[in-house]
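All remarks here apply to the structure that follows.
Numbering (this note's numbering), first residue to last: 1 to 659.
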């Protein structure tokens, strides 16, 4: 019913309000009344026995005026009765009383009957009361008020296991709708952010298996669940018909939040490295919180709150002390941890100041704890990312140090081994030159081949280490490319004893005979590739070819092809890894160290190129690379490759395999 007011009616109503015979305050509503907190305009009666009925207190004189805008009585077994008087001078027909604390178990609202003056009607609500419709639709408890100039008295009866907080507000329908939309936007943004943070970090945990991410996910998820239940959204959207779970869900979530907070602090700060006793303390406290979370399903509400409050205070205190201790020891994650908790503490203080009325009650400030929690979650996530980067840098530094030590050792040992091996080989060569019986010559030949094999393996190791240490240098000198390739071809042709295997050599006449490059390194690359072709080709052909890439491009290509067993796609992915062998055999039947292709590719990288490998199993393999065509400016003779020098590079005298 919409009331229409004129000036005489307003004046009469105002006179009635002023000269009313009651002694306690009268709340007056106007058209311009903003959402009104009435905590300091009510009267409160504490019923310690909990046995007083509405008829007993309706005319009682034991009510006392409230002294706080948001009265709070902590945990109490008493029943609290609230009384306030209200009159309206507003033309707005719809006004509501809203209780902005959704954890109250039982709330009885008594309001005057318009049909039977002097009698009261009764509405029951609370988080332990299922609404008549069977489903909650509002996060806060709301009761309609009578819009009338007559002064009317309203009563509330509150009984709860949770802390008793009386946060009452009167507002009209439009203000209620605007407030609901504003709060839903804020809470949606908060819960959305927390959900994204939890899901993202959980997926990161699945990938890297770092338990810090798992504990962080548990901490964020349980904290978000606690806030959802605390603000009444869980009872509306998730379990609207579960009264028992709606009553304890916030407590259960708080226990899990404390438990995960302790475990996260341990792993994030890596507390065991800095202080074992504090680490053990957090372990036991976290375990205690997990146990309390299970007991919260059975124990009395107030007892669980007391236990988890003490445990949570201990966890947070020890975590902060541990973070300070670790920070002084140089821990970067501890710095992020302290800043995150400092931010949350600042926002918590702001929230308390708003409750005390020191700060104005703006919506953003009222939700400052949630804002601080969201900022804390972001800072901790940044700290996790920084921690992973730090661990990766430390691991990389340790790996580089280990590789450096290993390379230095390999360089030293190969250098030391080469000296006696060279002496053995020289002695065997001298012995072979003398006239000896056939059997002795055969034994000496075998010994010489074995020493050559050992020498070549050691030289390969030495060259490999030098490449990895960055000591290799590319020389620029004139080289007769055609003579070099011809020498390689002639050498392999001379040692080919397989009638089923044919060697081919193709030369592009458009190429200049002499180019500028590093003769020794180019020779070693071509020999290595040809040697691999020999090792994995039993019949068919092996082709060595040189060609110009195109007339307009100053590049030449060296290509070694074979009709051998080929390389599988899986092995091609790792073919340039150190100590990898080509072919499809899982056994090292071809010998070698498995570093030949790696060395060839590393040398080509120094020369500005790389190996390109095309292969198909049981069809063959083609390995190629390109280099720039640089012609010498003068007519200096090119350095021809002798067969003797070539033989020392091939390592084929006793080693047919992928080095």
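Even glycine gets a Cβ: it sits at the ideal position worked out from N, Cα and C.
| Item | Value |
| --- | --- |
| Output the distance between the C-alpha atoms of residue 21 and residue 40, rounded to the nearest integer angstrom. | Here the model assigns residue 21 a pLDDT of 41, short of 50, so the residue's position is not dependable and the matter cannot be decided. |
| First and last residue of the beta strand (DSSP E) that includes residue 62? | Looking at the DSSP string, residue 62 is not in any beta strand (DSSP E), and its letter there is neither H nor E. |
| Within its chain, find whatever has a CB closer than 7 Å to the CB of residue 62; leave out the 5 residues flanking it on each side and keep chain order. | 45 |
| Three-state secondary structure (DSSP) at residue 21? | Because residue 21 sits at a pLDDT of 41, beneath the cut-off of 50, its placement in the model cannot be relied upon, and the following sentence gives the value as read from the coordinates. Residue 21 falls in the coil class under three-state DSSP. |
| Can you tell me whether residue 227 is helix, strand or coil according to DSSP? | helix |
| So for residue 114, helix, strand or coil by DSSP? | coil |
| How would you call residue 504, buried or exposed, if buried means at least 16 neighbouring beta carbons within 10 angstroms? | exposed |
| Leaving out five residues before and five after residue 481 in sequence, what residues of the same chain have Cβ atoms less than 6 Å from its Cβ? | 515 |
| Assess, as a yes-or-no matter, whether the stretch 67 to 84 is touched by the stretch 157 to 165 under the definition of 3 or more beta carbon pairs within less than 8 Å. | yes |
| Keeping to the same chain, check which residues put their C-beta closer than 7 Å to that of residue 232; ignore five residues upstream and five downstream. | 102, 139 and 140 |
| Between which two residues does the alpha helix (DSSP H) carrying residue 51 extend? | It is not in any alpha helix (DSSP H) - residue 51 carries neither H nor E in the DSSP assignment. |
| When the Cα atoms are used, what is the spatial distance from residue 536 to residue 555? | 29 Å |
| Go ahead and pull the three-state DSSP assignment for residue 486. | helix |
| How many Å lie between residue 215 and residue 126 at the Cα? | 34 Å |
| Express the C-alpha separation of residue 388 and residue 199 in angstroms, rounding to a whole number. | 18 Å |
| Secondary structure at residue 527, three-state DSSP: helix, strand or coil? | helix |
| Identify whether residue 547 lies in helix, strand or coil by the three-state DSSP scheme. | strand |
| Beta carbon of residue 213, beta carbon of residue 384: below 8 Å? | yes |
| Closer than 6 Å by C-beta to residue 35: which residues in its own chain qualify, once you throw out the five before and the five after it? Chain order, please. | 169, 171 and 175 |
| Run the CB neighbour count on residue 235, radius 10 Å, all protein chains shown included, and call it buried at 16 or more, exposed below. | buried |
| Alpha helix (DSSP H) containing residue 124: first to last residue? | Careful: residue 124 lies outside any alpha helix (DSSP H), inside the beta strand (DSSP E) at 120 to 125. |
| For the stretch 153 to 237, list the alpha helix (DSSP H) runs that are entirely contained and at least 4 residues long, ordered along the chain. | 173 to 208, 211 to 230 and 233 to 237 |
| Shortest alpha-carbon distance to residue 633 belongs to which of 492, 478, 327 and 266? | 478 |
| Within 10 angstroms of its Cβ, does residue 318 collect 16 or more other Cβ (buried), or is it exposed? | buried |
| Could you pull out every residue in the same chain whose Cβ sits closer than 6 Å to the Cβ of residue 98, ignoring the five residues on either side in sequence? | 140, 142 and 169 |
| By the DSSP assignment, the beta strand (DSSP E) with residue 477 in it spans what residues? | 477 to 480 |
| For residue 253 versus residue 222, is the C-beta spacing smaller than 8 Å? | yes |
| List the whole-angstrom C-beta distance separating residue 308 from residue 258, where the pair is believed to meet the contact cut-off of C-beta under 8 Å. | 6 Å |
| To the nearest angstrom, report how far apart residue 70 and residue 203 are at their CA atoms. | 43 Å |
| Kindly confirm or deny that the stretch 287 to 304 and the stretch 328 to 346 touch, where touching means at least three C-beta pairs closer than 8 Å. | no |
| When the Cα of residue 506 is compared with those of 525, 496 and 485, which residue comes out closest? | 485 |
| Return helix, strand or coil for residue 321, following the three-state DSSP convention. | helix |
| Can you find the residues in the same chain that come closer than 6 Å, C-beta to C-beta, to residue 72, ignoring five residues on each side of it along the sequence? | 165 |
| Our contact map puts residue 83 next to residue 26 with C-beta atoms below 8 Å; I'd like the distance itself, whole angstroms only. | Not quite, the Cβ-Cβ distance comes to about 12 Å (not below 8 Å), so this is no contact. |
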